[in-house]
Amino acid sequence: MNAPDRRKRDRFDTDCELAAAPSDSKRRRLDYEDHDGHLDHIRDSSTTRLSHDDYTVGWICALHIEMAAAKAMLDDVHDSLPKDPNDSNTYTVGSIGGHNIVIASLPANGYGTNNAATVANHMDRTFPSIRVRLMVGIGGGVPGKADVRLGDVVVSTEVWQHDMGKTTQDGRLHRTGVPRRPPPAVMTAVTKLRSNHEAEPSRIPSILSEMFQRNPYMSQYLHPSSLPDRLFDSGYDHIESMVTCDRCDESKLLERSPRDNNNPKIHYGVIASGNQVMKDGKTRDQVAHEFGILCFEMEAAGLMDNFPCLVIRGICDYSDSHKNKQWQEYAAATAAAYAKELLSVIHPINTQRIPTMSIHPPPGMFLSGLHYSISLTSY
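Here you go:
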């Protein structure tokens, strides 16, 4: 075979790295017999330390409860790896279904798009083989036609930075941002999982059950069946002196049809990201109507240029003044469980075919929403 033919044979497109996963019968089964009930000591089956180049899935979260849920999804926990002194991240490494995964969280009280971008940049430099990128955690839902409820999962098809723009003479914010879209290769896996759910239910409930069997201490991450899912009229504000809504005016509650069960529903659509918490019902509805938004959060817009990723959010409140923390652990768990289920339809990436370099799109490429594809040559 001549050199041009060999180069042609070895050429591959990063968008083609995500292929169909093995069948359920071939998936590795979990063994719970030796579990002692503590997250930090379970599934640590590694006998040799892998290298930084062996990790192909990057998972970023913002809060400690999101990190706990992410760690609880791991089939195995690996030995930690050394990192550059200039890398301020703290990593957890492990595997899910054959994927080697690195998890990092934002610093405590370090929310927002800028901090998320810093964490992502460090991760990409330290782990150069990452090809699947996920931002997983909690968010505020937008009630409406989609019937988004507490504990549901919203998966991004686009990300808007809702607080970027210029103020007009009448005091309104004219938004100048453009949508960031997840990489096409990850979205093909999302499409496959969505098609699976047309014929069979999501595995999120069973994944959460497995999580609790391995980690009995994490009962607060299960569905809070004793807590009400209350949705108030967007014009009715919370009583500021009250932590919960127990003394709010029940005549302002909106009636919704009961669901058949407590299993979370999965929604696909636009996620709005910004540096300010959305906690006003009227503003929520106005912005959501303008862009067709299903969820508000605070980190994703800082990632999409240099860490193009799929954003997965469990809904913990309705982005209004009635928000509280009661549903946060469960919402973090449902989002993490969806991420684990998604990885089950992605074939583990062969790192032997990935050049040891970090590939980023040119500035603005994802801002324009254009398809970005790089052909790489394996030597």
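Okay, so the sequence shown: first residue is 0 according to numbering that gives the first Met the number 0, each after it adds one.
Just so it is clear, CB atoms sit at the ideal spot from N, CA and C, and this is done for glycine as well.
All figures in this text were calculated on a predicted structure; none of them were measured in a lab.
What's the C-alpha gap between residue i and residue j?
i: GLY273; j: TRP159; result: 8 Å
i: ILE203; j: PHE211; result: 12 Å
i: ALA68; j: ALA334; result: 9 Å
i: SER225; j: PRO263; result: 16 Å
i: LEU29; j: ASP74; result: Legend: pLDDT at LEU29 = 36, less than 50; position of this residue unreliable, no value from coordinates given.
i: ASP53; j: THR125; result: 11 Å
i: ASN99; j: VAL56; result: 6 Å
i: GLY234; j: HIS77; result: 50 Å
i: VAL189; j: THR156; result: 10 Å
i: HIS196; j: LEU133; result: 20 Å
i: ASN261; j: PRO200; result: 13 Å
i: ILE345; j: PRO181; result: 15 Å
i: ALA115; j: GLU65; result: 14 Å
i: LEU463; j: ILE348; result: An answer regarding residue 463 cannot be provided, because it is not within the stretch 0 to 378 covered by the chain.
i: ASN88; j: ALA119; result: 9 Å
i: LEU207; j: ALA300; result: 28 Å
i: ASP86; j: ASP236; result: 43 Å
i: ASN108; j: TRP326; result: 19 Å
i: ARG229; j: PRO142; result: 11 Å
i: ASP304; j: SER50; result: 26 Å
i: ASP259; j: ASN323; result: 25 Å
i: HIS40; j: PRO183; result: Here HIS40 scores only 41 on pLDDT, less than 50, and its place in the model is too uncertain to base an answer on.
i: ARG283; j: CYS60; result: 23 Å
i: ARG193; j: ASP316; result: 24 Å
i: HIS34; j: HIS288; result: Any reading at HIS34 must be qualified, since the residue scores a pLDDT of 35, below 50, and its modelled position is unreliable; the value itself is stated next. Their Cα atoms are separated by approximately 48 Å.
i: VAL101; j: SER256; result: 40 Å
i: ASN113; j: GLU298; result: 8 Å
What residue range does the beta strand (DSSP E) around residue i cover?
i: TYR267; result: 265 to 272
i: VAL189; result: Here VAL189 belongs to no beta strand (DSSP E); instead the alpha helix (DSSP H) covers 183 to 198.
i: ILE292; result: 292 to 296
With a threshold of 8 Å between beta carbons, is residue i in contact with chain D?
i: SER218; result: Going by chain labels, chain D is absent from the structure shown, which holds only one protein chain.
Any idea what DSSP makes of residue i, helix, strand or coil?
i: SER79; result: coil
i: GLN219; result: helix
i: TYR54; result: coil
i: VAL152; result: strand
i: VAL286; result: helix
i: PHE211; result: helix
i: GLN275; result: coil
i: ASP35; result: Residue placement at ASP35 cannot be trusted, given a pLDDT of 36 that sits under 50; the coordinates are not used to answer.
i: ILE345; result: strand
i: PRO361; result: Here the model assigns PRO361 a pLDDT of 40, short of 50, so the residue's position is not dependable, and the following value carries that caveat. Coil.
For the alpha helix (DSSP H) containing residue i, list its first residue and its last residue.
i: LEU309; result: Looking at the DSSP string, LEU309 is not in any alpha helix (DSSP H); the run it does join, the beta strand (DSSP E), is 309 to 316.
i: HIS63; result: 63 to 72
i: GLU328; result: 327 to 342
Would you mind giving the Cβ-Cβ distance between residue i and residue j, rounded to the nearest angstrom? I have them listed as a contact below 8 Å.
i: VAL153; j: CYS294; result: 4 Å
i: PHE306; j: ASP123; result: 6 Å
i: SER104; j: HIS63; result: 7 Å
i: TYR329; j: ILE311; result: Not really, about 15 Å apart at Cβ, beyond 8 Å.
i: SER318; j: LYS278; result: 7 Å
i: LYS339; j: ILE137; result: Not really, about 16 Å apart at Cβ, beyond 8 Å.
i: ALA332; j: ASN214; result: That pair is no contact at about 10 Å.
Complete beta strand (DSSP E) runs within the segment 92 to 143 (minimum length 3 residues, chain order): For the segment 92 to 143, the full-length beta strand (DSSP E) segments reaching 3 residues or more read 98 to 104 and 131 to 140 along the chain.
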